[in-house]
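Residue numbering for the sequence shown follows our numbering, beginning at 18 and increasing consecutively.
Using N, Cα and C, we set each Cβ at its ideal position, and we do this for glycine too.
All values reported here derive from a predicted model rather than from experimental measurement.
First the structure, in the form of structure tokens, and then the observations on it.
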Amino acid sequence: MSDSLTIIDNRTGKKYEVPISYGTYNTYGASIPASALRSIKSSDDDFGMMTYDPGYTNTAHCKSAITFVDGEKGILKYRGYSIEDLATRGNFLEVAYLILHGDLPNRSQLDEWEHEITHHTLIHESIKKFIEGFHYDAHPMIMLISTIAGLSSFYPMAGDTADQVRRTRQIHRLIAKLPTISAFAYRYRVGLRYSYPDNDLSYTGNFLKMLFKMTRSYTPDPILEKVLDVLFILHADHEQNCSTSVMRGVGSSLPDPYVSVAAAAAALYGPLHGGANERVVRMLREIGDKKNVPAYIKRVKAGEFRLMGFGHRVYKNYDPRAKILRGLFEQVFEATGRSPLLDVAVDLERIALEDDYFVERKLYPNVDFYSGIIYQAMGFPMDMFPVLFAIPRTVGWLAQWAELLEDPDLRIARPRQIYTGENERTYIPVESRE
Ligand code: CMC
């Protein structure tokens with residue numbers, strides 16, 4: 018058997034042989050170079066064959082060694098470690114190190130890494146003025162996106178993306194400062210004095226304190242600190258999703274990582290991506306009671322709207338992250354009290370999973386279906402949910418960006434189009450137009 022594909026162009030009768038290459042798994046990731054199709058022409062002045070793939074449903078735009086997803090089987094791995102193993106035994110900062118560096122850190126590497134991240138948590142006092150320029154009820158995700166882009170102006174050397182030491186410095190800054198900016202945006206909105214970073218706490222403990230500290234003696238609830246840590250692990254990377262491909266697309270023109278992360282965060286904000294968790298809670302509130310679930314499902318099936326938190330481009334099975342989140346409910350509700358939305362969510366899931374519409378289309382709960390319920394029980398307002406997604410995903414964006422910059426195949430992202438407009442027209446002065 019030869020690892021190639023033979024293509025016959027029925028327009029000309031010509032045969033073409035195109036090489037097949039593989040990734041780690043032969044059964045998952047066989048591909049042909051799209052450029053090989055360009056030699057398939059119907060005549061000499063023909064541009065050559067392209068593929069048409071709106072939404073990149075079947076186009077690999079990079080090679081990556083970071084995250085593996087098998088959507089049919091519901092498998093997610095970071096650097097070869099299963100998400101279940103990492104979520105139950107690891108912590109967010111060591112998983113972040115793993116995603117960025119390729120291996121889990123040893124003790125001294127972890128200490129140094131934690132030190133680096135912890136000591137970049139402060140933001141320049143002027144950055145607070147960006148946040149304060151917004152109206153009090155601005156969406157915190159908008160404040161975050163704009164402020165991340167604004168950070169670029171504080172670190173002019175960040176544009177030197179060829180310098181690995183400088184690159185690493187920006188990676189540390191972004192991972193360290195995002196919780197501070199997010200917490201400040203939250204406190205500005207609710208009219209509370211900022212709570213500055215406490216470097217003696219864990220990444221999530223410090224974040225909770227910056228958000229919720231009301232008294233001098235505030236200490237984060239250890240259960241909620243741990244749960245948030247697990248949520249951050251689950252959201253840290255997810256290979257070539259919408260925001261990550263934006264990160265790579267913007268990064269390919271070689272700007273500094275602040276503007277690329279701002280662009281990726283903007284992509285995440287959309288309701289079909291990281292904004293879905295907020296929509297799920299709004300949906301569950303609108304349904305209000307278990308008895309209203311069947312009527313709601315009927316409207317979804319009639320095409321009135323989508324069931325938020327359901328379906329995924331890649332997962333055609335239960336999203337493994339959603340499964341882990343279901344397992345966290347007991348701990349969370351022990352600390353916070355049971356969420357009344359849970360009963361509606363569980364019933365919605367049960368009814369949807371038995372319904373032919375969802376079964377035939379392989380629509381299962383995704384990570385956003387349950388994360389919103391947990392965030393809400395923990396006391397986060399709904400518009401903070403996408404921010405809680407953006408903080409850990411910054412690790413994935415930066416790892417993918419660093420991988421891109423080291424990739425010998427790096428070229429500026431510049432897809433093709435199939436032109437369907439007018440052919441040839443001649444300008445007519447406005448006085449003569451009908
Ligand atoms: N509710 C009802 N029907 C749906 C849903 C849904 N949530 N998702 C997909 N479908 C239907 C869709 O109408 C289509 O049906 P038909 O073949 O009859 O036209 C079929 O399933 C395939 O849908 P698609 O739009 O081609 O699927 P896609 O891969 O382009 O979209 C998705 C993936 C996540 C955007 C979509 O499932 C969706 O809109 N889900 C709701 C939003 C959501 O929960 N997003 C979070 C995604 S997970 C976290 C993340 O990565 O950001």
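#### Entry: Residue from Phe171, Arg124 and Glu129 whose Cα sits closest to the Cα of Phe147
Selected option, being the one with the closest Cα: Phe171.
### Message
What would DSSP say about Arg60, mapped onto helix, strand or coil?
### Response
According to the sequence provided, residue 60 is Ser. The question's Arg does not apply to it. Looking at Ser60 - three-state DSSP - the assignment turns out to be coil, as it is neither helix nor strand.
### Query
Given that a residue counts as buried once 16 or more other Cβ atoms are within 10 Å of its Cβ, and exposed if not, what is Gln257?
Its Cβ being crowded by 16 or more others within 10 Å, Gln257 is buried.
### Query
Would you call Ile37 buried or exposed, if buried means 16 or more other Cβ atoms sit within 10 Å of its Cβ?
By the neighbour-count rule (16 or more Cβ atoms within 10 Å), Ile37 is not buried but exposed.
### Message
Distance check for Gly438 and Val244, CA to CA, integer angstroms please.
### Response
The straight-line gap separating the alpha-carbon atoms of Val244 and Gly438 is approximately 53 Å.
### Task
Any chance you could list the beta strand (DSSP E) runs of at least 3 consecutive residues sitting entirely within the region 57-121, in chain order?
Segments of the beta strand (DSSP E) lying fully in the region 57-121: 84-87 and 92-95.
### Nearest neighbour of Asp360, chosen from Val310, Thr353 and Leu380 [CA to CA]
For the options Val310, Thr353 and Leu380, the alpha carbon positioned closest to that of Asp360 is the one of Val310.
### Query
Which stretch, first to last residue, makes up the beta strand (DSSP E) that contains Val35?
Looking at the DSSP string, the run of the beta strand (DSSP E) that includes Val35 is Lys31 to Pro36.
### Task
Quick one: residues in its chain with C-beta nearer than 6 Å to the C-beta of Tyr286, no 5 flanking neighbours on either side, listed in chain order?
Counting only Cβ-Cβ distances below 6 Å, and skipping sequence neighbours, we find Met158, Gly292 and Pro403.
### Message
Out of His329, His141 and Thr178, which one is the CA nearest neighbour of Leu168?
### Response
Of the listed residues, the one whose Cα sits closest to Leu168 is His141.
### Message
At a threshold of 7 Å, does Phe327 count as lining ligand 1 (C-beta to nearest heavy atom)?
### Response
Checking every heavy atom of ligand 1 against the Cβ of Phe327, one is found closer than 7 Å.
### Task
Round the Cβ separation of His137 and Arg190 to the nearest angstrom and send it over; I've been treating them as touching at under 8 Å.
5 Å between Cβ atoms; contact.
### Query
Once you ignore the five residues that flank Ile429 on each side, which residues in its own chain have a CB closer than 6 Å to its CB?
Closer than 6 Å at the Cβ level, and outside the excluded window around Ile429, lie Ser269 and Ser270.
#### Entry: Backbone CA spacing between Ala312 and Ile390 [nearest angstrom]
Going from the Cα of Ala312 to the Cα of Ile390 covers about 22 Å.
#### Entry: Selection from Leu241, Trp414, Leu365 and His255 that minimises the alpha carbon distance to Glu351
The residue among Leu241, Trp414, Leu365 and His255 with its C-alpha nearest the C-alpha of Glu351 is Leu241.
### Task
Consider the C-beta atom of Gly389 and the heavy atoms of ligand 1; say whether any pair is separated by less than 7 Å.
No, Cβ of Gly389 sits at least 7 Å from all heavy atoms of ligand 1.
### Query
According to DSSP, which residues form a beta bridge with Pro382?
BP columns for Pro382 point to Phe327.
### Message
Whole angstroms are fine: how far does the CA of Ala202 sit from the CA of Tyr235?
### Response
Answer to the nearest angstrom: the Cα atoms are 20 Å apart.
### Message
Using 8 Å for Cβ pairs, my map puts Tyr381 next to Asp424. What's the rounded Cβ distance?
### Response
Cβ-Cβ separation between Tyr381 and Asp424: approximately 33 Å, too far for a contact (criterion under 8 Å).
### Query
Apart from the five residues just before and just after Pro288, which ones in its own chain have a Cβ nearer than 7 Å to its Cβ?
The beta carbon of Pro288 sits closer than 7 Å to those of Arg296, all from its chain and outside the five residues before and after it, given in chain order.
### Task
Can you give me the Cβ contacts of Gly176 inside the same chain, cut-off strictly under 6 Å, excluding the 5 residues immediately before and after it?
Excluding positions up to five away in sequence, the list reads Asp273.
### Query
Under a Cβ-count criterion, where at least 16 other Cβ atoms within 10 Å of its own Cβ denotes burial, should Leu415 be classed as buried or exposed?
The residue is buried, with at least 16 neighbouring Cβ atoms inside 10 Å.
### Task
Give me whichever residues DSSP pairs with Ser48 in a beta bridge.
In the DSSP output, where bridge partners are listed per residue, Ser48 has Ser38.
### Query
Heavy atom of ligand 1 less than 7 Å from the Cβ of Asp385, yes or no?
The answer is yes for Asp385.
### Message
Does Ile148 come out as helix, strand or coil in the three-state DSSP assignment?
### Response
Three-state DSSP puts Ile148 in a helix.
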